[in-house]
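**Q**
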Amino acid sequence: MAPPGEPAKAARLEGVQALRFLAALLVVIGHCQHEAVEALGAQAGAARFIAFDWGLGVDIFFVISGFIMWHLMQDGFGKPGEAQRFLRRRVLRIVPIYWLGTTAIALVTLAAFSPGESIPFALASYLFIPWPHPDGRGLFPVLTLGWTLNYEMMFYCVFALALTLPRRLGLTLLLSVFAALFVAARLAPPQAFMLKFWGDPIIFEFLFGIGLAALHRHRATLPGWVALIVAGAGFLLATWSYQTGAYHELARAITGGIPALLIVGAVVCGPRLSVSSRPARLAVMGGDASYALYLAHPFALKAVAAVSAKLGLWTLAPVAPILAMLAAAVIVSVLIYRFVERPILSALQRHFARPAVRLGS
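For what it's worth, the numbering used here labels the leading residue of the sequence shown as 505, then goes sequentially.
Laid out in structure tokens, this is it:
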């Protein structure tokens with residue numbers, strides 16, 4: 505998952521921003537359910553059996569990312585310096601609060617591992633390189649949710665390389681690199697874990713978004729009722745996949761990527777979201793804070809779950825901690841966005857916008 509795109513050269517897509525909030529909220533709800541199951545154990549009841557793919561939020565984010573990058577940068581291909589400017593903007597948006605979250609977790613957890621394990625693991629986490637977690641959980645960074653950013657940064661690097669070429673050649677490069685990664689990952693030995701990670705079929709979700717942006721450029725539109733049906737079909741398909749063997753037997757690019765493509769496509773090609781109503785404005789504001797919500801919500805959830813356990817709320821009123829976790833996650837994310845993420849980004853943008861001072865001048 506990544507924060508909103510470049511400073512708008514085109515009209516701001518409010519519907520996409522609102523969808524970012526929904527996508528982040530799906531991930532948060534899934535983790536709330538996990539906390540409830542952890543706290544209640546055998547008494548979790550229905551919380552154990554809400555059989556929905558809450559991780560669909562990640563697939564939606566990846567499709568949105570591909571869409572936004574192409575939508576905003578499609579006229580920048582082949583322009584001198586555009587690739588460097590693009591990559592700098594993406595790094596400035598992604599790195600600061602991710603590194604803050606990573607550092608917070610590292611200070612608490614890495615002492616449990618030997619320096620030989622923790623140092624390369626921490627460095628890989630800061631540099632968005634997939635690396636085996638010392639506790640054996642898999643290719644997850646210090647801040648576990650950062651696994652999605654390892655994909656995002658790979659996509660941005662390939663996209664930046666494509667920007668150095670004319671658009672048609674740039675698109676050919678994008679498609680070729682992703683196809684090569686996929687094929688190489690299928691042929692590589694298990695020890696080539698980086699290649700296995702970056703060659704996972706989930707990378708095609710970025711290309712789904714690029715294809716959607718190309719359709720949008722040609723003014724592909726859907727009536728409101730058709731958009732609702734398409735989005736509904738996406739959610740139904742994701743639910744069906746999750747509740748059947750398809751979720752485990754097929755690639756995530758199919759079980760999550762295709763539903764995400766339908767949902768994002770319905771929002772992008774459907775009627776433009778009006779922000780005249782308060783709920784719509786709040787959803788768009790939530791979209792602005794969606795990156796902070798995605799990264800910070802585990803901290804809020806753990807804190808509320810721990811306090812609820814001390815107060816006995818999980819036994820007295822198990823719904824209350826779940827609602828409190830959701831509320832805390834959203835409130836904390838908005839505060840982080842307004843008072844941490846946005847000020848840091850503004851300061852960094854001002855710094856890098858200054859002309860270089862020549863020595864001796």
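Quick reminder that beta carbons are idealized off the backbone N, C-alpha and C, glycines included.
What would DSSP say about A555, mapped onto helix, strand or coil?
**A** Three-state result, A555: coil.
**Q** Span of the alpha helix (DSSP H) holding P693?
**A** Run containing P693: none; DSSP gives neither H nor E here.
**Q** Do G703 and A689 count as a contact pair if the criterion is CB distance below 8 angstroms?
**A** Closer than 8 angstroms, so yes.
**Q** By a C-beta neighbour count over all protein chains shown, 10 Å radius and 16 as the cutoff for buried, is S850 buried or exposed?
**A** It is exposed - the Cβ of S850 has fewer than 16 other Cβ atoms within 10 Å.
**Q** I'd like to know whether the C-beta atoms of I767 and A735 end up nearer to each other than 8 angstroms.
**A** For I767 and A735, yes; Cβs fall inside 8 angstroms.
**Q** Taking 8 angstroms as the threshold (C-beta atoms), are L517 and V772 in contact?
**A** It is a contact, given that the beta carbons lie within the stated cut-off.
**Q** Nearest CA to the CA of L679: which residue from S569, P694 and F712?
**A** Comparing Cα positions, the closest option is F712.
**Q** Can you list, in chain order, the residues of its chain whose CB lies under 6 angstroms from that of A527, leaving out five sequence neighbours each side?
**A** The answer, listed in chain order, is G561, I564 and F565.
**Q** Thinking C-beta only, is L669 closer than 8 angstroms to L455?
**A** Residue 455 lies beyond the stretch modelled for the chain, which goes from 505 to 865, so this question has no answer here.
**Q** When you compare the CB of E586 with every CB in chain C, is at least one pair closer than 8 angstroms?
**A** Structure shown: chain C not included; a single protein chain is present.
**Q** Are there 16 or more other CB atoms within 10 angstroms of the CB of H752, so buried, or fewer, so exposed?
**A** The residue is exposed, with fewer than 16 neighbouring Cβ atoms inside 10 Å.
**Q** Does DSSP classify S781 as helix, strand or coil?
**A** Three-state result, S781: coil.
**Q** For R593, which of D557, S622 and A664 has the nearest alpha-carbon?
**A** It is A664 whose Cα lies nearest to the Cα of R593.
**Q** For A828, which residues of its own chain have a beta-carbon under 6 angstroms away from its beta-carbon, when the five flanking residues on both sides are left out?
**A** Closer than 6 angstroms at Cβ, skipping near neighbours: V808.
**Q** In chain order, which alpha helix (DSSP H) runs of at least 4 residues are fully inside the stretch 639–667?
**A** Those alpha helix (DSSP H) runs which fall completely within the stretch 639–667 and span 4+ residues are 651–667.
**Q** Does DSSP put P847 in a helix, in a strand, or in coil?
**A** It is helical.
**Q** For A628, report the span of its alpha helix (DSSP H) as first-last.
**A** Note, A628: alpha helix (DSSP H), P619 to Y630.
**Q** Taking a contact to mean a Cβ-Cβ separation below 8 angstroms, would you say A731 touches A784 in this structure?
**A** Against a cut-off of 8 angstroms, the Cβ pair of A784 and A731 comes out as no contact.
**Q** My output table needs one value for G864: the three-state DSSP class, helix, strand or coil.
**A** At G864, the pLDDT of 44 sits below 50, so the modelled position is not reliable and the matter cannot be decided from this model.
**Q** Let's see if you can read the secondary structure: which residues bound the alpha helix (DSSP H) around W729?
**A** Looking at the DSSP string, the run of the alpha helix (DSSP H) that includes W729 is G728 to Q747.
**Q** If I'm right that Q521 touches V788 with Cβ under 8 angstroms, what's the distance once you round it to whole angstroms?
**A** Contact flag correct, Cβ pair sits at about 5 angstroms.
**Q** Touch check for the stretch 593–609 and the stretch 736–756: three-plus C-beta pairs under 8 angstroms?
**A** Cβ pair count under 8 angstroms is below three, so no.
**Q** Taking the alpha-carbon of N654 as reference, which of P636, G640 and R671 has the nearest alpha-carbon?
**A** When only C-alpha atoms are compared, the closest one is P636.
**Q** Would you give the residue range spanned by the alpha helix (DSSP H) that K583 belongs to?
**A** Where K583 is concerned, there is no enclosing alpha helix (DSSP H), given that its DSSP letter is neither H nor E.
**Q** Can you give me the Cβ contacts of P694 inside the same chain, cut-off strictly under 8 angstroms, excluding the 5 residues immediately before and after it?
**A** Hits under 8 angstroms: K700.
**Q** How is P775 classed by DSSP in three states: helix, strand or coil?
**A** If DSSP states are grouped into helix, strand and coil, P775 belongs with coil.
**Q** So the candidates are D639, A587 and F625; which of them puts its Cα closest to the Cα of I633?
**A** Of D639, A587 and F625, the residue nearest in Cα terms is F625.
**Q** Once the 5 residues before and after G580 are set aside, which same chain residues still bring their CB inside 8 angstroms of it?
**A** Taken in chain order, the residues that qualify are E586, F590 and L667.
**Q** Just checking my contact of S794 with R524 at CB under 8 angstroms: how many whole Å lie between their CB atoms?
**A** With 8 angstroms as the limit, S794 and R524 qualify as a contact, their Cβ atoms being about 4 angstroms apart.
**Q** Which two residues bound the contiguous alpha helix (DSSP H) that contains R524?
**A** Looking at the DSSP string, the run of the alpha helix (DSSP H) that includes R524 is E518 to L544.
**Q** Would you kindly report the start and end of the unbroken alpha helix (DSSP H) that includes A724?
**A** A724 -> no alpha helix (DSSP H), and no H or E assigned at all.
**Q** How should W818 be labelled, buried or exposed, when 16 other C-beta atoms within 10 angstroms of its C-beta is the threshold for buried?
**A** That one is buried.
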